[in-house]
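Numbered per the numbering used here, the sequence shown spans residues -10 to 473.
No residue lacks a Cβ here, since even glycine has one placed at the ideal position from N, Cα and C.
Read the structure below first, then the notes.
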Amino acid sequence: MQGILDKQLIRKTSFINGQWQDAADTFEVRNPANGQLLAEVGNAGADEATAAVEAAYQAQKAWAATPAAQRAALLMAWHDAMLAHQEDLARLLTLEQGKPLAEAKGEIAYGASYVKWFAEEAVRVYGDTIPAPSADKRVLVVKQPVGVVGSITPWNFPNAMMVRKAAPALAAGCAFVAKPAAETPLSALAVAELAQRVGLPAGLFNVVVGTDAPAIGKVLTQHPHIRKFSFTGSTATGKRLLAQCAEGVKRTSMELGGNAPFIVFDDADLDAAITGLLAAKFRNAGQTCVCSNRIFVHSKVYDAFADKLVSAVAGLGIGDGLAEGTQIGPLISQGAVDKVAELVNQSLAQGAQCRGSAPVPTEGHYYPPTVLTGVSNAMAVSRNEIFGPVAPLIPFDDESDVIAQANDSEYGLAAYLYSRDIGRVFRVSEALEYGMVAVNEGILSNAAAPFGGVKASGHGREGSRYGLDDYLDIKYLCLGGMDK
Ligand code: SIN
-10 MQGILDKQLI RKTSFINGQW QDAADTFEVR NPANGQLLAE VGNAGADEAT
40 AAVEAAYQAQ KAWAATPAAQ RAALLMAWHD AMLAHQEDLA RLLTLEQGKP
90 LAEAKGEIAY GASYVKWFAE EAVRVYGDTI PAPSADKRVL VVKQPVGVVG
140 SITPWNFPNA MMVRKAAPAL AAGCAFVAKP AAETPLSALA VAELAQRVGL
190 PAGLFNVVVG TDAPAIGKVL TQHPHIRKFS FTGSTATGKR LLAQCAEGVK
240 RTSMELGGNA PFIVFDDADL DAAITGLLAA KFRNAGQTCV CSNRIFVHSK
290 VYDAFADKLV SAVAGLGIGD GLAEGTQIGP LISQGAVDKV AELVNQSLAQ
340 GAQCRGSAPV PTEGHYYPPT VLTGVSNAMA VSRNEIFGPV APLIPFDDES
390 DVIAQANDSE YGLAAYLYSR DIGRVFRVSE ALEYGMVAVN EGILSNAAAP
440 FGGVKASGHG REGSRYGLDD YLDIKYLCLG GMDK
């Protein structure tokens, strides 16, 4: 694995109860930019997941009793270690996931920012006193960690999606078992190596890597010691996992699919909207849940906007994420490329036109950044989450009509709007049925903000002060006989 200086960060087995665990067989991790083999990784299954949950259960009680300031100090040490190794972690991430190295460095800083945020929040888990209904009583509220947390996280952000669940869990006093995607296990294992180096007690943070996701997922959703399950991934898989969690009445956080509208009104600053769209559409080659999926452009500015976008997209550098100048890396797999191609072909058959589609490297899983015009909200690219670098432009004439079209989706994660009319900004943001609305901005994710959706995009929030509540139970204490 070229260029990684600290070779100890390249871990190839699960991390359970503070130990690196060998497995009977292995699975391959390959570079999506060229198909080269990166590592043979120990293939853990249900037994290892069970061992991890049991170790977490043993470790959690003492961790919950550890003063919050000590928990915070360990989290800050973990944060510092992530930033000290940012270069190596980013390189590992690009190798297994494909995104450009600059984006990978950004992801490491982004993931670490959640660890810092929740280290700082750990010491602010306040309770409450409530005026009692009678003179003999006192009513107190305390917040306690939920217990052992299981998680499954995706390949599109192999560092940040896992870290932004583990950080609030550990800050709250929970123990954590991670199951990263089998396509990208190395980033999570490197983070576990750093947890071990900074002295996080054994059993609190476990990483189970394997290809049998249903078997591992069953343990992480149904083991009696699991008290909470947190998932980022597709809505279809999220529904199955929720059903599994329902049997044991587990608490859940679900960050699921999106179909983000990006609305450009005729009073918008078009150049700012193009800059915002490049970020909101082409980050990670379009493989994010908050990527703009349907771009609604007012018909008065539609042609001008399309021309500007086509010329901006033509300038994007496509290639291996480690190569200088790359802005669009490969998609995660050939299956992902085929799925995007099918959506585009269906939409072309339904009457859309393709404008701007550059040549891509012959090796690796690439799809060219593409602009589609003449798209309607009924076409295949509009009804499905594209998860690729394709920008479909849909014309509209009227504010209430574009709100109705934007809300015509089962999803409700992120939405974007560009307008300089303050009244319209408030009217439209309030009417959009989405968990997050970005106004005149293409990047809305940060640790201070509550990230999450409504409708089929899930529930729960990650980041912000609300993010810690997802890992805390409320307990009410009723004190009687207080008048004697
Ligand atoms: C995601 O794609 O699920 C997360 C993207 C982000 O955190 O910005």
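- Counting along the chain, no alpha helix (DSSP H) covers Ser219; the unbroken beta strand (DSSP E) around it starts and ends at Ile215 to Thr221.
- At a cut-off of 8 Å, the beta-carbon of Thr221 counts as near the ligand SIN: some heavy atom of the ligand is closer than that.
- In this structure, Pro174 lies near Val198, with their beta-carbon atoms less than 9 Å apart.
- For the region 14 to 49, the continuous beta strand (DSSP E) assignments of 3+ residues that do not extend past its boundaries occur at 15 to 19 and 26 to 31, in sequence order.
- Secondary structure note for Phe4: its beta strand (DSSP E) is the uninterrupted segment Ser3 to Ile5.
- In terms of Cα proximity to Ile215, the closest of Ala261, Phe440, Phe165 and Asp256 is Phe165.
- For Gly100 against Arg153, the beta-carbon gap comes to about 7 Å, under 8 Å, which counts as contact.
- At a cut-off of 8 Å, the beta-carbon of Phe440 counts as near the ligand SIN: some heavy atom of the ligand is closer than that.
- By the Cβ-count criterion, Leu468 is exposed, with fewer than 16 other Cβ atoms from all chains shown falling within 10 Å of its own Cβ.
- In this structure, the C-beta of Ser434 approaches the ligand SIN to less than 8 Å from one of its heavy atoms.
- Between the ligand SIN and the CB of Phe254, the shortest heavy atom gap is not smaller than 8 Å.
- Between Arg372 and Asn248, the C-beta gap is smaller than 9 Å, which places the two residues in contact.
- Under the criterion of beta carbons closer than 8 Å, Lys444 and Tyr405 do not qualify as touching, at roughly 17 Å.
- Nearest to Leu81 by alpha-carbon distance, out of Thr226, Ala155, Val128 and Gly(-8), is Gly(-8).
- Following the DSSP letters along the chain, one finds Ser281 inside the beta strand (DSSP E) bounded by residues Ser281 to His287.
- Annotation note: the region 246 to 276 contains the following uninterrupted beta strand (DSSP E) runs of length 3 or greater, listed N- to C-terminal: 249 to 253.
- Under the Cβ criterion (8 Å, minimum of three pairs), the region 61 to 72 counts as touching the region 104 to 112.
- Secondary-structure assignment with DSSP links Trp9 through a beta bridge to Phe4.
- Between the ligand SIN and Pro348, a heavy atom-to-CB distance of less than 8 Å is absent.
- The criterion of a C-beta distance shorter than 9 Å is not satisfied by Ser453 and Ala427.
- For Glu92 and His354, the gap between their C-alpha atoms comes out near 18 Å.
- When the alpha-carbon of Met471 is set against those of Val128, Asp410, Leu230 and Phe440, the nearest one is in Val128.
- Spatial neighbours of Ala420 in its own chain (CB-CB distance under 7 Å, excluding positions within 5 residues in sequence) are listed in chain order as Ile392.
- In the three-state DSSP reduction, Thr226 falls in the helix class (H, G or I).
- If you compare the alpha carbons of Ile321, Lys94 and Lys1 with that of Leu78, the shortest gap goes to Lys94.
- Distance from the CA of Pro384 to the CA of Met151, rounded to the nearest whole angstrom, comes to 38 Å.
- 9 Å or more divides the Cβ of Gln86 from the Cβ of Ile252.
- Per DSSP, Gly100 is not a residue of any beta strand (DSSP E); the alpha helix (DSSP H) it occupies stretches across Leu90 to Ala111.
- In this structure, the C-beta of Asn145 approaches the ligand SIN to less than 8 Å from one of its heavy atoms.
- In the three-state reduction of the DSSP assignment, Glu85 falls in the helix class, which pools H, G and I.
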